[in-house]
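Okay, so the sequence shown: first residue is 1 according to UniProt numbering, each after it adds one. The beta carbon of each residue, even a glycine, is placed where N, CA and C say it ideally should be.
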Amino acid sequence: MDDGREWRNGACHCGAVRFRVRLTVGLGTARRCDCSLCRMRGAVAVTAGAGDLEILEGEEVLTLYRFNTGVAQHFFCSRCGIYTHHRRRSNPDQLGINAACLEGVSPFDFREVPVNNGRSHPSDGGSGPDVVGTLRFEPAF
Numbered sequence: 001m002d003d004g005r006e007w008r009n010g011a012c013h014c015g016a017v018r019f020r021v022r023l024t025v026g027l028g029t030a031r032r033c034d035c036s037l038c039r040m041r042g043a044v045a046v047t048a049g050a051g052d053l054e055i056l057e058g059e060e061v062l063t064l065y066r067f068n069t070g071v072a073q074h075f076f077c078s079r080c081g082i083y084t085h086h087r088r089r090s091n092p093d094q095l096g097i098n099a100a101c102l103e104g105v106s107p108f109d110f111r112e113v114p115v116n117n118g119r120s121h122p123s124d125g126g127s128g129p130d131v132v133g134t135l136r137f138e139p140a141f
């Protein structure tokens, strides 16, 4: 059944991993996280359902990384190192897709990006707010 959401194409930097994805509500779910991995990775992620990602090429070059509780699954291209997507710890039925991997999208296209509280995750007994701030991008000129 077609629910009207459009498929978007994406790839890692070297092109070894190619995929298509239907985002939950387009780019409107853009966010960052302040957990230890996301802080270092610095990517803007958008949301898709677990069944809304199709790896078209390169599944064999994807590398899985897990840390801490091991619940979240972070996928990277083993050739170029680019993070393509992850299965969320907070909701394993959702994926976070690296917005910069989507055709025609740059993380600098987003003026404001909410930052989720990953350092005090509810699964760890954290009691902090869901969103701890907003990252704002201002034009350099």
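Query raised in the report: Using 8 Å as the threshold, is the segment 74 to 89 in touch with the segment 8 to 19, meaning 3 or more CB pairs across them?
Result: yes
Requested in this report: With DSSP as the reference, please indicate the residues paired to CYS77 in a beta bridge.
Outcome: LEU62
**Report entry** Nearest residue (CA-CA) to GLN94, options GLN73, GLU112, ALA100
**Finding:** GLN73
Query - Reference LEU62, options ASP52, HIS86, ALA43, closest by Cα - result: HIS86
Query raised in the report: Taking C-alpha atoms, which residue in ILE55, ASP52, SER90, GLU59 lies nearest to GLY70?
Result: SER90
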